[in-house]
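**Q** Our numbering puts the last residue of the sequence shown at 1090; the count rises by one with no breaks. Even for Gly, the Cβ is constructed at its ideal location relative to N, Cα and C. Just so it is clear, the structure is predicted and the values come from calculations on it, not from any experiment.
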Amino acid sequence: MKKISVIKFISVCSCVVMVLCFSGCKKLLGLPLQENVDHPTTTIDPHINKTAWDFIRDRALVGDTIFKLMYQGILYAGIDSAEYKTPGRTFIVYHNDAILRKSGTTVQADCYFGKYKVNGAAASSWNQYPQAQVKNHLLSLIVKGEYSFENVPPDPVFATTFMPANADPLNPESKIAFRVINDRDSRFRINDFPGSAYPSPGLASPGLQARTAGILSTNGPIHVVDRVVFYQTQ
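1) Rounded to whole angstroms, what's the CA-CA distance from S1056 to G1063? Just pull it up for me.
2) Would you please state the rounded distance, in angstroms, between the beta carbons of G1051 and Q987? I believe it to be under 8 Å.
3) What is the DSSP secondary structure of S937, reduced to helix, strand or coil?
4) Quick check for students: name the residue ranges of the beta strand (DSSP E) that lie wholly in the segment 1060 to 1088, counting only runs of 3 or more.
5) What's the C-alpha gap between T907 and S1061?
6) Give me whichever residues DSSP pairs with A977 in a beta bridge.
7) Name the residue from P902, N952, S937 whose alpha carbon lies nearest to the alpha carbon of L925.
8) Excluding five sequence neighbours on each side, which residues of the same chain lie with their C-beta closer than 7 Å to the C-beta of G944?
9) By DSSP, does V1036 sit in helix, in strand, or in coil?
10) Please report how far the alpha carbon of Q1065 lies from the alpha carbon of T1017, in whole angstroms.
11) Less than 8 Å separating the beta-carbons of R1045 and I1037?
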């Protein structure tokens, strides 16, 4: 009897499988199956069809004005807008938070006004600094050559900025470093290299991660950051 029962059980299972298979994948136990659907894929175009200068100015004067403080700094420093229109360069653009960021009423040390204090206190305006200091710092954010996801590897690549040599005693050669973390997020990092003194709380490696990277202006890549950028070794 056991043998007969086993045979019957196998026969029943076989029938169920056949019924499911010959249902044409339209229904499963009376329920419709998900049909194959073509899902169109889209790729965000990083080209903005404008110069780096227009990109900064357009979002400094109208709309969300997230580059307002950087724009004001450029004007205060007396930097010719042509510097942001010349091709073959990479531009680090400061979000307002990179210049002035507060937690409550306290200015944070990872923004420009908090890191570079005036008479021991955080600044509130560019005009509290010498014009030359502001100019040199902003020139350190303009890089000779184009560096973006297409040509920056996981290992640090060192480039030269337009800050005059020896203007910063901690960075006499006016260097900046780029690398791309090779993971699904493809994080673009700045001054992340062995021996870097750039603090990165909570992370094993030093350096700064770009807020938005790989924006392609008509004259070079743009990387937006929301923390102050500086190059320093341990």
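**A** According to the data block:
1) Just so you know, the alpha carbons of S1056 and G1063 end up roughly 6 Å apart.
2) Between G1051 and Q987, the beta carbon gap of about 32 Å keeps them out of contact (Cβ cut-off 8 Å).
3) The answer is helix: DSSP assigns S937 an H, G or I state.
4) Listed in chain order, the complete beta strand (DSSP E) runs (minimum 3 residues) inside the segment 1060 to 1088 are 1068 to 1073, 1076 to 1081.
5) Pairing T907 with S1061, the inter-Cα distance amounts to about 33 Å.
6) V974.
7) Among P902, N952, S937, the Cα nearest to that of L925 belongs to N952.
8) Closer than 7 Å at the Cβ level, and outside the excluded window around G944, lie G1001, E1002, G1076.
9) Looking at V1036 - three-state DSSP - the assignment turns out to be strand.
10) If I take the Cα positions, the gap works out to 18 Å.
11) For R1045 and I1037, yes; Cβs fall inside 8 Å.
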